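Visitor: Below you will find the structure I want to go over with you.
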Amino acid sequence: MPLKKYNQRQEQALTYLNQNYASKGALQYLKLRFIAISDTELTATMEVGKEHTRPGGALHGGVSALLAESVASVASALVIEDLAKESPVGLELNINHIRPLIVGDHAYATASACHIGKSTHIFEIKLTNQKQELFAIARLTLFILKAEK
């Protein structure tokens, strides 16, 4: 499923995403950086800091969920033609955690569209570490909310 025409101007698109999405709202907490965009995928990364861990030192599962939902939500927004008329909102997030990350590890989230419909989008999000090992996998269903007239 195409992520609009941004793949043709990847560097410009990534700069735009990092300036307009990565530093806003909950995303600023992750210190997220968008690093790759293609016709079918959007990838972002973050470094695991102490503030992202649960007692015991591993990456908190809620942070993994925030990372997955955030990257897929931005990818969904890229598919929408006019964000003044429609916006994606999360309906359901499912995430399975496979292995822990610790402070200093790098987390990568790659969102791929499974379904792009008029009223729903579904994305699969693979979360990997710096060794490209899968540490979690998620699926996000989004509702495409129409703006009030």
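Mapping of the sequence shown onto our numbering: position 77 corresponds to residue 788, and the numbering continues sequentially without gaps.
Every residue, glycine too, gets a C-beta built ideally from N, C-alpha and C.
Nothing here was measured: the structure is a model prediction, and the numbers come from that model.
1. With a CB to CB cut of under 7 Å and the five nearest residues on each side skipped, what residues in its chain are close to Thr852?
2. Please report the residue range of the beta strand (DSSP E) in which Asn840 lies.
3. Please state if the CB of Leu778 and the CB of Leu845 are separated by a distance shorter than 8 Å.
4. For a quick check, are the C-beta atoms of Leu753 and Ser781 less than 8 Å apart?
5. For His817 versus Glu758, is the C-beta spacing smaller than 8 Å?
6. Between Arg810 and the rest of its own chain, which residues show a CB-CB distance below 6 Å, the 5 nearest in sequence each way excluded?
7. Out of curiosity, what's the CA-to-CA distance linking Gly826 and Phe854?
Guide: Inspection of the coordinates gives the following:
1. Counting from 1 along the sequence shown, the entry for residue 852 is found at position 141. These residues qualify, in order along the chain: Leu802, Glu803, Thr831, Ile833.
2. Counting from 1 along the sequence shown, the entry for residue 840 is found at position 129. Premise fails: Asn840 is in no beta strand (DSSP E) and is neither H nor E.
3. As a first step, residue 845 is located in the sequence shown; it is residue number 134 there, counting from the start. As a first step, residue 778 is located in the sequence shown; it is residue number 67 there, counting from the start. The answer is no: Cβ separation not under 8 Å.
4. Counting from one through the sequence shown, the residue named residue 753 turns up at place 42. Counting from one through the sequence shown, the residue named residue 781 turns up at place 70. Contact flag unset, no.
5. Start at 1 with the first residue of the sequence shown, and residue 817 comes out as number 106. Start at 1 with the first residue of the sequence shown, and residue 758 comes out as number 47. Their beta carbons are under 8 Å apart, which means His817 touches Glu758 by this criterion.
6. Working through the sequence shown from its first residue, we reach residue 810 at position 99. Taken in chain order, the residues that qualify are Phe846.
7. The residue you call residue 826 lines up with position 115 of the sequence shown. The residue you call residue 854 lines up with position 143 of the sequence shown. Looking at the sequence itself, residue 826 is His, so the reference to Gly does not match. When rounded, the distance between both Cα atoms is 12 Å.
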